[in-house]
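Read through the structure below, which is laid out as structure tokens, and then see the notes.
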Amino acid sequence: MDKTERRRLARKRKKEKLAAEGKAKNSLSKERKEKKAKKDIKKETAKEANKRKNPANMTKEERKEKYTKLAHDKTVEKGLKKLHKNTVCFVCRSKGHAAFNCPKNSQKLKICFKCGSSEHRLDDCPKGSDRTGNLPFAECFVCGGKGHLSGACPLNSRGVYVNGGSCKICGGVDHLETRCPKDKRERKRERDEKRAVSLQGKADVGIEGEGEGGDNQPEREGGGDKKKKVQTCKVINF
1 MDKTERRRLA RKRKKEKLAA EGKAKNSLSK ERKEKKAKKD IKKETAKEAN
51 KRKNPANMTK EERKEKYTKL AHDKTVEKGL KKLHKNTVCF VCRSKGHAAF
101 NCPKNSQKLK ICFKCGSSEH RLDDCPKGSD RTGNLPFAEC FVCGGKGHLS
151 GACPLNSRGV YVNGGSCKIC GGVDHLETRC PKDKRERKRE RDEKRAVSLQ
201 GKADVGIEGE GEGGDNQPER EGGGDKKKKV QTCKVINF
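In full-length UniProt numbering, the protein residues as written are 1 to 238.
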């Protein structure tokens, strides 16, 4: 093989090498472009999500109101969970929820027991929220009858207190202490009377020699009453 042939083969190999390197570069550039495109798509989706959460035209007061409401809702939810922690359901007899929110509760029981509306509960009924009166849409879980709740059922000796107990104000079992029918003014009057009696008893204990006509009182010297000394302010001159 002469010198010219060797040069021709060397140029050919060089071209092939450059072509292979170019293909490799092109493949790398394609991969990089694809990765960059994916990153751009992720960034755009994240930006869109942020825009939906925090619109650009939302003011500081609106953002404050929004997140304050979210925090308030979370606090209320936690409070309700804590409140219903020891609540016993009349439907499934398990703790943690009331009969209205029971998963085993039928759709018929998720209505107002007084007027039959599904838009509000008995507590918010415009016709009144009395639980001991006539409730045509109520169904008793004790006797299976209609027209009254389980707490007011004559066959239920414990009333609304499933685990025993009674109202601390009047001793009834057909209502909770917070729903006691006694008037607030009457309760306040009873508290005032008890307080007055206790104060009167303390005052009677502090009286000495009452009813003895003053026989046990020591006689004063001089036979007359001593005048009380009037305290005066002293003036100090510097």
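Note that beta-carbon positions come from the ideal geometry of N, C-alpha and C, so glycine has one too.
Using the rule of at least 16 other Cβ atoms within 10 Å of the residue's Cβ for burial, across every protein chain shown, is residue i buried or exposed?
i    : result
S118 : exposed
C170 : exposed
C143 : exposed
H120 : exposed
L18  : exposed
N156 : buried
L149 : buried
A71  : exposed
K15  : exposed
Within the same chain, show all residues whose beta-carbon is closer than 6 Å to that of residue i, passing over the 5 residues directly before and after it, in chain order.
i    : result
S85  : It is worth fixing the name first, because residue 85 is Lys in this sequence and not Ser. Hits under 6 Å: none found.
G159 : G151, V173 and D174
T87  : A98
On a Cα-Cα basis, can you pick out the residue from the options that is closest to residue i?
i    : options                  : result
L135 : G165, K38, C153 and F113 : F113
P154 : C140, G164 and N163      : C140
N163 : R7, K95, K35 and K23     : K95
By the DSSP assignment, the alpha helix (DSSP H) with residue i in it spans what residues?
i   : result
L83 : K60 to L83
Leaving out five residues before and five after residue i in sequence, what residues of the same chain have Cβ atoms less than 7 Å from its Cβ?
i    : result
K182 : I169 and C170
C125 : C112, K114 and C115
Got a sec, what are the start and stop residues for the beta strand (DSSP E) residue i sits in?
i    : result
L135 : L135 to E139
Mind reading off the beta-carbon distance from residue i to residue j? Whole number of angstroms is fine, and I expect it under 8 Å.
i    : j    : result
A138 : K127 : No, A138 and K127 are not in contact; Cβ-Cβ is about 13 Å, not under 8 Å.
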